[in-house]
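A.B. asks: Structure provided below as structure tokens; questions to follow.
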Amino acid sequence: MAFLLKLFKASMFLVAFCCLSVLSSVFYSVFYNLVIPSSLVTYNVHFEEVSNLKATVPLDASVLGKEIPYTVELEWSFPTSETNAQIGNLKVDLAVTDNRGFNETTSKVVVLPYTSSYLKKLKVLALAPLYITNILREKDSARVTLFQSKILRPAYYGHVVNDYGSSKQVTATLQVDSSKLEIYEAKLHFVPQINDVRSFMYKHRIISFFFLSSVFWLTSSGSMLVIYAVAYSRFRQTSMKKSV
0 MAFLLKLFKA SMFLVAFCCL SVLSSVFYSV FYNLVIPSSL VTYNVHFEEV SNLKATVPLD
60 ASVLGKEIPY TVELEWSFPT SETNAQIGNL KVDLAVTDNR GFNETTSKVV VLPYTSSYLK
120 KLKVLALAPL YITNILREKD SARVTLFQSK ILRPAYYGHV VNDYGSSKQV TATLQVDSSK
180 LEIYEAKLHF VPQINDVRSF MYKHRIISFF FLSSVFWLTS SGSMLVIYAV AYSRFRQTSM
240 KKSV
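Under numbering that gives the first Met the number 0, the sequence shown is numbered contiguously, ending at residue 243.
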């Protein structure tokens, strides 16, 4: 009987150990997702041709971390056509706004990649089989930094509600001062710039996982042992009173 009692206690401690380990992992996952921003948030940009190329991109305020500086980059690919070659350079405007009055704007000049006609012909001849089979396309790409370490989501985003009960809407408006630019695709990248403890947690995920999970586990175990000790002492006191 004593052996079965010891076995029962050991199994209970084993079950408690497993449950606390699972809870610690869950707590760490929730903590990590709340504290550490996404490493890269990318939005596809679809330009509309008016007088200039223009696009409006709805931003997900729940993804962008509060009070975290972001570097915003526009990446696009375009055909190596004569039209694009004649453009040379152009200006890109970006405005991040919301319906509360937040407004951050910037303008950058982009120089499109240039390749001489002689080198273009050599490249086409060398890669002709790949172009014919549509494995490759005659395209080039450009990348421009629009914001450098800029906070684009004040603390009130996601917490303030308007009169109609909906969350604040955040949008990014892009405008290119050319209606002739030919584009295959464009993407807007938001890269968080973090240099504190969150940076260590992001760069050393395994170490931070074991460390913080252990802290959560030890805290939970300590709390469980305290509760167990209090409950056991009261149980003994009650048993002694009944025996008397």
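Cβ coordinates follow ideal geometry from the N, Cα and C atoms, glycine included.
Computed from a predicted structure; not experimentally measured.
1) Would you grab the beta carbon distance between ALA54 and LEU173 for me? Rounded to a whole angstrom, and I think it's under 8 Å.
2) Spell out a yes or no on whether the stretch 205–218 and the stretch 94–103 are touching, meaning 3 or more CB-CB pairs, one atom from each, closer than 8 Å.
3) When the Cα atoms are used, what is the spatial distance from ILE134 to TRP75?
4) Put PRO128 into one of helix, strand or coil per three-state DSSP.
5) I want to know whether the stretch 120–132 touches the stretch 142–152 - three or more CB-CB distances under 8 Å.
6) From what residue to what residue does the beta strand (DSSP E) around GLN174 run?
7) Closest to GLN85 by C-alpha separation, out of TYR69, GLU47, LEU217 and SER116, would be which residue?
8) Alpha carbon to alpha carbon, how far is ASN83 from LEU63? Give it in angstroms, no decimals.
9) Mapping DSSP to helix, strand and coil, what is TYR183?
10) VAL44 and LYS186 look like a contact to me (Cβ under 8 Å); what is the Cβ gap, rounded to whole Å?
11) What residue range is occupied by the uninterrupted alpha helix (DSSP H) comprising GLN85?
12) Among the residues of its own chain, which have a CB less than 8 Å from the CB of GLY118, if the five just before and after it don't count?
13) Looking only at its chain, what residues have a beta carbon closer than 7 Å to the beta carbon of SER212, apart from the 5 residues adjacent to it on each side?
C.D. replies: Looking at the atomic coordinates:
1) 5 Å
2) no
3) Answer to the nearest angstrom: the Cα atoms are 19 Å apart.
4) helix
5) no
6) Membership of GLN174 in the beta strand (DSSP E) is indicated by the continuous run 169–175.
7) SER116
8) 34 Å
9) coil
10) About 6 Å; that satisfies the 8 Å criterion.
11) 81–86
12) Reading the sequence as shown, one finds Leu at residue 118 and not Gly. Cβ contact annotation for LEU118 (same chain, cutoff 8 Å, sequence separation greater than five): none.
13) SER23, SER24 and TYR27
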